[in-house]
Amino acid sequence: MERMPGWADVVLVPLISLIIAFAISGAVIWAIGESPVEALTVMIEGSVGSTYGWGYTLYYATNFIFTGLAVSVAFHAGLFNIGGEGQATLGGLGVALASLFVPWPHWSLALLGAATAAALFGAAWAAMPAWLQARRGSHIVITTIMFNFIAASLLNYLLVNVLRPPGSMDPASARFPETTNLPGLDAVLGLVGIPFSDATPANVSLLIALAACALVWALIWRTRLGYQIRAFGKSERAAVYAGISPVRITMWAMVISGALAGLMAVNTVQGEANRLLLNSVEGAGFIGIAVALMGRSHPFGVLLAAILFGFLYQGGAELALWTSIPRELIVVIQALVILFTGALDNMVRQPVEQAFLLLRRKGP
Amino acid sequence: MTAAPAADAPPAIELRGISKAFGPVQANRDIDIAVARGTIHGIIGENGAGKSTLMSILYGFYRADAGEILIGGVPTPIPDSQSAIRAGIGMVFQHFKLVQNFTVLENIILGAEEGAMLAGSMARARRVLADLSRDYELDVDPDALIEDLSVGHQQRVEILKALYRQAEILILDEPTGVLTPAEADHLFRILRGLRDQGKTIVLITHKLREIMETTDAVSVMRRGTMVATVRTAETSPEQLAELMVGRKVLLEVEKGPARPGRVVLEVKGLRVRDAQGVERLRGIDLHVRAGEILGIAGVAGNGQSELLQVLGGIARGTGEAWLNGEPLDLTGRRSDGRSRRAQGIAHVPEDRQHLGLIMDFAAWENVAFGYHHDAAYQANALLMDNDALRREAQGKMERFDVRPPDCRLPAKAFSGGNQQKIVLAREIERNPDLLLIGQPTRGVDIGAIEFIHKQIVALRDAGKAILLVSVELDEIVALSDRILVMFDGRIMGEADPGAADERALGLMMAGVAAGAPQGAA
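Chains A and B are the protein sequences, given in the same order.
Residue numbering for the first sequence follows our numbering, beginning at 1 and increasing consecutively.
Residue numbering for the second sequence follows our numbering, beginning at 365 and increasing consecutively.
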């Protein structure tokens, strides 16, 4: 079978899908009597037109990188982890406990400790559905989504009954000590002399997210565990023939996936809020599915897709702020992007593939 | 046009200038063929020669890029299988298309029901079926469930389905692949009966013997073209084989006498149950010596697959087994493929596409498959040494003549024979004490069969033990030094391949114990 070149697969197809999604969004905006051009201008200026905008875009993107990577690792093992939301919730609990109850002398150590706790808590939360799937045959799609609800209820209980400071009416933990506060992206970029807005929530966790991309890439394509995960994901029967244990690989893939989802909480809980709030994940666990789909489960693709969704999030917020376009329409735009880049991927892929084959046959 | 069998009437099927390309691959190139009415016409060719594509065009699955189809002398476009059925063409696929939990009758009317209520069509079908069964020796119980029928009977249901739809032309794709010799003989009697009643039969096969015994004329395809159409009476198997591959091939395996040494594998009282709790192996005793090939003959589904699986660490069983005197774990933690490989067992599985290879993996990644724990494949404690793997894969592919010799192509880009060579290269070059090998040449073309057989014999001559499972009796007889016949999870008896009489083997394969001591049920 002839294939189209790799760059067309990874860049061209998603780009065309994106353009179609934006074109339809534009038509919808035009249909409700607003100007698509103006809307696009507001979105672009608000999200990437200033370092302030970039700060928010990258802050959201950091979340989506973690959850996108989490879904991708599970995808490679043929597992559909839609429990990123719950795993990130538990990751937040880990961050809060580590930040509140350990006297960290410096933010760097606090970051290390909180990240470890976040990863462990997220991994533990994913390990339970993984075990149920591997040993009891309970389908992981069902169990992970149920664990999202359990995580939300658990956090609700803990915040209201255990972690809430006495006298507070707010279902949230106490503020973390000053020494655990992470430096903002402005401080990081300041080191290399790049001026950046200091009023954004983007922080040093972005660097951890980028490192996670590189590590996941190495894990999947360069290690024996990654080899076994991919083999298991392509064919469980063949994996058994090769002596790869389905139980072991299911556990490993889900534990790594859960740890990545949990790490997201470092960005939101420690990097931004400095305390544990009731809903600090805000759907990023689910956006991770779209990010992984669009990024074709490749860490570099996930990075690009996460930035795109960060742009959509921030641009959408700006749109709601500065225009009379209703907030719901932003959700429509995001849904269209997910629809075209994820669900309708083949609709674009096939014609592009055929076009390439046609060109090649005519060529030399 | 090539020589068509003499006929005054227009041929039942005539294809003129049929061409079909899939992307850059020309599957059929300017094919002309005429099949005379009331004859059995064989189509023979290597895998990938384009036989199935041609028949799929005739049955409306594919549309030809060029050319025309004449049925009974009338140009008949066949855009879909409904049109093919209307034109009187029936097809019996290699893999039956029957609903397992429907009765014979329900399967026969499926898609040919008349009206909303079934009772009328069922009654009519029952009458027609009774006539057909009587006329063509096609007896099957119309009320039996398909899942309760033997493979041979299921095939008869497929034929009845086509006849019920008033097929005048019957195409059979590799019909004997799953049959015992006795069932195959019965099938050919049926086909001759159909021919004598004026039906036209097209028989696609790669078995020269069937062509010689059954057909009136035979067309040979090679690499998408029709190279010759000859009368069967005027040709020989050697000539056909030469036409198929374009050169002379050895139909026999060249091998010297075996020099069996110590016992490598010993199995006692081996039993295996499948997921439904059905006992698939019912007490197997056997041994394989160093330097010999033990062939397991039998019709598919009589426990051979389970035997390979439990020895290969894929399935679990009870009983005892030793390799070089060391016990094999059949139930516990070490009953997996990794432990088996560590003990010196290599396994070329029957189903290379679903077990032996990851089709989406590159050839070089597949070369590590099952051996990925080998320290030689690690660059350091963390990372695998992909460069070393690619070098090793490249070497294996050149030594085993894998074409194209490009280790970066995914496994699915290779033909069946070349996929099998990749698996063989991986398993044989591990220099195992025992090689388990299932269906080594299924779906493999003649040139590659010869190569694969040579590799197996070479491993034997290097003093290794080989357990061979194949549903091709010819292959078992040609390769094995000893033959055991399996039926219904038991060993029916042993045969010496030098003196093996195919009829006696066939009887054992059908469950008739030919004086075999272990066989008594």
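We put the CB at the ideal spot given by N, CA and C, even for glycine.
Nothing here was measured: the structure is a model prediction, and the numbers come from that model.
Under the criterion of beta carbons closer than 8 Å, A:Ile325 and A:Ile29 qualify as touching, at roughly 6 Å. Within the same chain, Cβ atoms closer than 8 Å to the Cβ of B:Gln742 are found at Met748, Asp749, the five residues on either side in sequence being excluded.
In this structure, the beta-carbon distance from A:Phe311 to A:Ser47 falls below 8 Å. Counted as a single uninterrupted DSSP element, the beta strand (DSSP E) harbouring B:Trp686 occupies residues 682–687. If you check the CB distance, B:Ile820 and B:Leu798 do not come in under 8 Å.
The beta carbon of A:Val240 sits closer than 8 Å to some beta carbon of chain B. By the Cβ test, the stretch 49–62 of chain A is not in contact with the stretch 246–263 of chain A, since fewer than three Cβ pairs between them sit closer than 8 Å. Spanning the alpha carbons of A:Ile287 and A:Val37 requires a straight line of approximately 26 Å. The continuous alpha helix (DSSP H) containing A:Ile150 extends over residues 140–158. In the DSSP assignment, B:Thr564 falls within the unbroken beta strand (DSSP E) covering 564–569.
The way I'd put it, the stretch 331–345 of chain A does touch the stretch 292–312 of chain A; three or more beta-carbon pairs between them come closer than 8 Å. By the Cβ criterion, the stretch 851–859 of chain B is in contact with the stretch 639–647 of chain B, since at least three pairs of Cβ atoms, one from each stretch, lie closer than 8 Å.
Shown here for B:Val787: same chain residues with a beta carbon closer than 6 Å to its own, the five before and five after excluded, namely Val712, Arg716, Gly720 in chain order.
DSSP assignment within the stretch 422–483 of chain B yields the following whole beta strand (DSSP E) runs of 3 residues or more, N-terminal first: 430–435, 453–456.
In this structure, B:Met873 sits near B:Thr544, with a CB-CB distance shorter than 8 Å. Cβ neighbours of B:Glu478 within its own chain (closer than 8 Å, five residues either side excluded): Gly484, Ser485, Arg488. In this chain, A:Met169 is not harboured by any alpha helix (DSSP H), its DSSP state being neither H nor E. The Cβ neighbour count for B:Asn795, taken over all protein chains shown within 10 Å, is under 16; the residue is labelled exposed.
Considering only B:Arg846, B:Ala400, B:Gly454, B:Tyr735, the residue with the shortest C-alpha distance to B:Phe425 is B:Gly454. Under the 8 Å Cβ criterion, the stretch 226–238 of chain A does not count as touching the stretch 196–211 of chain A, having fewer than three qualifying pairs.
Judged by DSSP in its simplified three-state form, B:Ile535 adopts strand. Interface annotation, B:Phe460: not in contact with chain A, CB-CB separation never under 8 Å. Under the Cβ criterion of 8 Å, B:Ile722 is counted among the residues facing chain A. Close partners of A:Ser235 in chain B (Cβ separation under 7 Å): His718, Ile722. When C-beta atoms of the stretch 71–81 of chain A are compared with those of the stretch 342–350 of chain A, fewer than three pairs fall below 8 Å, so the two segments do not count as touching. With its beta carbon at least 8 Å from every one in chain B, A:Gln334 lies outside the interface. One thing to note: B:Ile657 has its Cβ no nearer than 8 Å to the Cβ of B:Leu800. By the Cβ rule, the stretch 824–832 of chain B counts as touching the stretch 619–635 of chain B, because three or more pairs are nearer than 8 Å. Counting only runs that start and end inside the stretch 681–736 of chain B, the beta strand (DSSP E) elements of at least 3 residues fall at 682–687, 709–712. Cα atoms of B:Ala400 and B:Met608: separation of roughly 22 Å, rounded to the nearest angstrom. Between B:Arg702 and chain A, the shortest Cβ-Cβ separation is below 8 Å.
Residue environment analysis places B:Glu511 among the exposed positions, since fewer than 16 neighbouring C-beta atoms fall within 10 angstroms of its C-beta. Of the residues assessed, A:Trp252 falls on the buried side of the cut-off, its CB having 16 or more other CB atoms within 10 angstroms. At a cut-off of 8 Å between beta-carbon atoms, A:Thr143 makes no contact with chain B. Annotation: B:Gly665 is outside any alpha helix (DSSP H) and is labelled neither H nor E by DSSP. In this structure, B:Arg393 lies near B:Thr589, with their beta-carbon atoms less than 8 Å apart.
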